[in-house]
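A.B. asks: Here the numbering used here is used: the first residue of the sequence shown is -16, the next is one more, and so on. Even for Gly, the Cβ is constructed at its ideal location relative to N, Cα and C. The structure under discussion is supplied below as structure tokens; questions concerning it will follow.
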Amino acid sequence: MIRFKNVSKIYRPHTVALKNINLHIKAGEFVSIVGQSGTGKSTLAKLLFAEERPTKGELVIGGWDVSRIRRGQIPLLRRQIGVVFQDFKLLQKKTVAENVSFALEVVGASPRRIRELVPHLLRIVNLEGKAGRYPRQLSGGEQQRVAIARALIHRPKIIVADEPTGNLDAINTHDIINLLKKINEFGTTVVLVTHNREIVNSLRKRVITLDKGEIVSDQEEGRYRL
């Protein structure tokens, strides 16, 4: 599903964000990428959804060679990868339903398809009663659930969640993590990038620890000890 082979990412002039990463994530896994600030977690996430490309090495995602992908192919790759960010990245002048449907409109989906799929996704994230509200009318946890519904719009094989609970309180954090677990149970691969020790230790899933841009630990049902 996801394979890093000797991947390095170097920012000019000499900043090494990732160094010789070798990693295989199988289809259907739930993997936490952890480490302190500045260890390369977000850079690794950006490589996964092709916001950045490796400086060296090979990165293959679901048959796509991201290290050599053409610019015109990136939108096709991203339909296989749903992304959830810490700051939600919602369109403030669009309603909940419009935020979720926007990605379908961009690719020319029919109005009928949009009418069918958007309510279904809002039910999954338990927001079916708030389709007509705007982001400013929602709590942080609700905004993140809208973002997750939007990430699911193309039925992606992979969800990359980059610090998805960083702006949330403990209760909303618990809800978002449970939602990601639910999505994973349906067969979607989930890559969770986080520095939250409590989340990682409660999941009891695979944990990959980065330090100074290198993998220093890779444990099944691991714990975050740094």
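Rounded C-beta distance between P118 and Q75? I'm assuming under 8 Å.
C.D. replies: Their Cβ separation, rounded to whole angstroms, is 5 Å, which keeps P118 and Q75 in contact under 8 Å.
A.B. asks: So for K76, helix, strand or coil by DSSP?
C.D. replies: Residue state, collapsed to three classes: coil.
A.B. asks: What residue ranges within the stretch 7 to 31 form continuous beta strand (DSSP E) runs of no fewer than 3 residues, ordered along the chain?
C.D. replies: Runs of the beta strand (DSSP E) inside the stretch 7 to 31: 13 to 17.
A.B. asks: Helix, strand or coil for I136? Go by DSSP, reduced to three states.
C.D. replies: The answer is coil: DSSP assigns I136 none of H, G, I, E or B.
A.B. asks: Along the chain, which unbroken stretches of the alpha helix (DSSP H) at least 4 residues long are found entirely within the stretch 74 to 123?
C.D. replies: Counting whole runs of 4 or more residues, the stretch 74 to 123 contains the alpha helix (DSSP H) stretches 79 to 89, 94 to 107.
A.B. asks: Would you kindly report the start and end of the unbroken beta strand (DSSP E) that includes N(-11)?
C.D. replies: Where N(-11) is concerned, the enclosing beta strand (DSSP E) stretches over -15 to -6.
A.B. asks: Do N155 and G112 have their CB atoms nearer than 8 Å?
C.D. replies: No.
A.B. asks: If you run the structure through DSSP and keep just helix, strand and coil, what is A130?
C.D. replies: Helix at A130.
A.B. asks: Hey, could you find the ends of the beta strand (DSSP E) T172 is sitting in?
C.D. replies: Counting along the chain, the beta strand (DSSP E) containing T172 begins and ends at 172 to 176.
A.B. asks: Is the stretch 29 to 49 touching the stretch 98 to 105 in the sense that three or more CB pairs, one from each, lie closer than 8 Å?
C.D. replies: The stretch 98 to 105 is not in contact with the stretch 29 to 49.
A.B. asks: With a 10 Å radius around its C-beta and 16 neighbouring C-beta atoms as the bar for buried, classify V79 as buried or exposed.
C.D. replies: V79 should be labelled buried.
A.B. asks: Residue range of the alpha helix (DSSP H) that D158 falls in?
C.D. replies: Its alpha helix (DSSP H) spans residues 153 to 168.
A.B. asks: Just to confirm the assignment, what range does the beta strand (DSSP E) spanning I200 have?
C.D. replies: Note on identity: in this sequence residue 200 is Ser, with Ile being the wrong assignment. Its beta strand (DSSP E) spans residues 197 to 202.
A.B. asks: I want to know whether the stretch -16 to -4 touches the stretch 42 to 58 - three or more CB-CB distances under 8 Å.
C.D. replies: Short answer: they touch.
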